[in-house]
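Using my numbering, the first residue of the sequence shown is number 16, and each one after it goes up by one. All residues carry an ideal CB built from backbone N, CA and C; glycine is no exception. Computed from a predicted structure; not experimentally measured. Right, one structure below, let's go through it.
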Amino acid sequence: MSARMIQLSGVIIDMIYSVDAVPAPGTEAVVHGSAIAAGGGFNAMVAARRAGLDVDYGGTLGSGAFAGIAEAALKDEGIGILHPRLDGQDQGCCTVLIDRDGERSFIASSGADGVVTDADLARIKPGAGDWLLLSGYALHYKGSREALTRWLQAQAGRGLDLVFDPCPLVAELPAAAVPAALGAAAWVTANAEEARVLTGLAGPAEAACKLAEGRKGGALVRAGAAGCWLALPDGVVSHLPGHKVSAVDTNGAGDAHTGTFIALMAQGWAAAAAARAANISAALSTTRRGPSTAPAWDEVQSVLERAEAPV
Numbered sequence: 016m017s018a019r020m021i022q023l024s025g026v027i028i029d030m031i032y033s034v035d036a037v038p039a040p041g042t043e044a045v046v047h048g049s050a051i052a053a054g055g056g057f058n059a060m061v062a063a064r065r066a067g068l069d070v071d072y073g074g075t076l077g078s079g080a081f082a083g084i085a086e087a088a089l090k091d092e093g094i095g096i097l098h099p100r101l102d103g104q105d106q107g108c109c110t111v112l113i114d115r116d117g118e119r120s121f122i123a124s125s126g127a128d129g130v131v132t133d134a135d136l137a138r139i140k141p142g143a144g145d146w147l148l149l150s151g152y153a154l155h156y157k158g159s160r161e162a163l164t165r166w167l168q169a170q171a172g173r174g175l176d177l178v179f180d181p182c183p184l185v186a187e188l189p190a191a192a193v194p195a196a197l198g199a200a201a202w203v204t205a206n207a208e209e210a211r212v213l214t215g216l217a218g219p220a221e222a223a224c225k226l227a228e229g230r231k232g233g234a235l236v237r238a239g240a241a242g243c244w245l246a247l248p249d250g251v252v253s254h255l256p257g258h259k260v261s262a263v264d265t266n267g268a269g270d271a272h273t274g275t276f277i278a279l280m281a282q283g284w285a286a287a288a289a290a291r292a293a294n295i296s297a298a299l300s301t302t303r304r305g306p307s308t309a310p311a312w313d314e315v316q317s318v319l320e321r322a323e324a325p326v
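Set out below in structure tokens:
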């Protein structure tokens, strides 16, 4: 059986608005463009698929108009769905404001994506070579955090190739959830602020080293255009520079990085090479508008080949 990625975090529907600037309270912003698209956990799945890995959605899919959009998007990308539909609850949604600099702001509401039961998790059967991805968002939602925390606690020491992405809400996660996730994760991937919250260390290299301690895999600290820091459990840390582009929309860039990294690791790449390619994928994703804009693999490969060509 070939390797795959199993996404444990929910798919939501993004309602995306391009504005000059996020409006101050009591004011209004003129929208220059809008779109509705699958987002949330969908973004990393798309990146992994485009980097050549089979992917299954292990989160919850509801019933309703938004759930229909999510299901169609999953099928369009060739992503399998592991659970039966949840009746009576639609998919959650997120209002995304993209300003003139490509920076994004979010207002999110969970739906069926925020419901996970013990029975759901019992259906997750990772095989040899499978990788799993969990976002901190799934540990934040009231309808999913307790079952997921119990499941994570049971996975500690089992050697799963589980990647934990703490999400911007890491400081608000329940007290038991973060230790459970960190205890089960082979890899942690976080942006610089999330890494600071988790470790108390402001330097991305130092935070990456701290997060990598005792892991089967290691840790990545993402720093946007500056690339990422990769740390291994033996204390070796390296900075992998970003790929320079003119960004128009950073929505989903971190997810593109994570999905690409997982796909390449599952296919046997060395961690540094996978992280370097993930930097390129994330950068290219910011050159087009939308949440799930990870590039096709040949685009990433082309950049890698140019970088390796003799001058």
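Cutting at 8 Å between CB atoms, please list the residues of its own chain near residue i, excluding the five before and the five after it.
i      : result
Ala287 : Leu245, Ser253 and Leu255
Arg291 : Leu255 and Leu319
Ala332 : No answer is possible for residue 332: the residues shown for the chain start at 16 and end at 326.
Gly41  : none
Glu208 : Pro183
Glu221 : Thr214
Just to confirm, are residue i and residue j a CB contact at a threshold of 7 Å?
i      : j      : result
Ala241 : Ala234 : no
Ser307 : Phe57  : yes
Leu213 : Leu23  : no
Thr273 : Ala59  : yes
Gly126 : Gly107 : yes
Arg100 : Leu76  : yes
Gln168 : Ala195 : yes
Gly55  : Val26  : yes
Thr275 : Ala298 : no
Leu219 : Ala238 : Leu is not the amino acid found at residue 219; the sequence shown has Pro there. Yes, Cβ-Cβ distance for Pro219 and Ala238 is below 7 Å.
Asp105 : Gly79  : yes
Measuring CA to CA, which of the options is closest to residue i?
i      : options                           : result
His155 : Ala186, Trp146 and Val178         : Ala186
Glu161 : Ala66, Ala134 and Cys182          : Ala134
Arg65  : Ala322, Asp270 and Glu323         : Asp270
Ile113 : Ala196, Lys225, Gly305 and Thr275 : Gly305
Ala200 : Asp176, Gly215 and Glu221         : Asp176
His258 : Ile295, Met280 and Ala278         : Ile295
Gly142 : Ile21, Ala285 and Val236          : Ile21
Gly229 : Leu89, Thr110, Gly174 and Val111  : Gly174
Cys109 : Phe81, Ala285, Ala88 and Val45    : Phe81
Ala50  : Arg321, Ala44 and Val111          : Val111
Phe121 : Ile94, Arg165 and Val37           : Val37
Within a Cβ cutoff of 7 Å, which residues of the same chain sit near residue i, ignoring the five residues on either side of it in sequence?
i      : result
Arg19  : Leu68, Asp69, Val70, Asp71 and Asp145
Gly172 : none
Val326 : Residue placement at Val326 is flagged as unreliable, the pLDDT there being 40, under the threshold of 50; the coordinate-derived value follows with that caveat. Here the set comprises nothing.
Ala289 : Phe276, Leu279 and Met280
Ser17  : Asp69
Should residue i be flagged as near chain C, meaning a C-beta pair shorter than 7 Å?
i      : result
Leu136 : The chain labelled as chain C is not found in the depicted structure, where only one protein chain is given.
Tell me, to the nearest whole angstrom, how far the beta carbon of residue i is from that of residue j; I am working on the premise that it is less than 8 Å.
i      : j      : result
Ile84  : Ala123 : With a Cβ gap of about 16 Å, Ile84 and Ala123 do not count as contacting.
Lys73  : Ile28  : The sequence given here has Gly at residue 73, not Lys. Not quite, the Cβ-Cβ distance comes to about 19 Å (not below 8 Å), so this is no contact.
Val131 : Leu163 : 6 Å
Gly158 : Pro181 : Contact flag wrong, Cβ pair sits at about 19 Å.
Val236 : Cys243 : 6 Å
CB-CB under 6 Å to residue i, same chain, minus the five flanking residues each way: which ones, in chain order?
i      : result
Ala217 : Arg211
Glu92  : Val61 and Arg64
Ala39  : none
Gly232 : Ala201 and Trp202
Phe179 : Leu149, Ala196, Ala200 and Val203
Ala309 : Val61, Ala62, Arg65, Ala271, Ser296 and Ser300
Ile94  : Met60, Val70 and Tyr72
Below 8 Å, can you find three or more Cβ-Cβ pairs linking the segment 189-204 to the segment 32-50?
Contact fails: fewer than three Cβ-Cβ distances are below 8 Å.
Between the segment 264-275 and the segment 114-129, do at least 3 Cβ pairs fall closer than 8 Å?
yes
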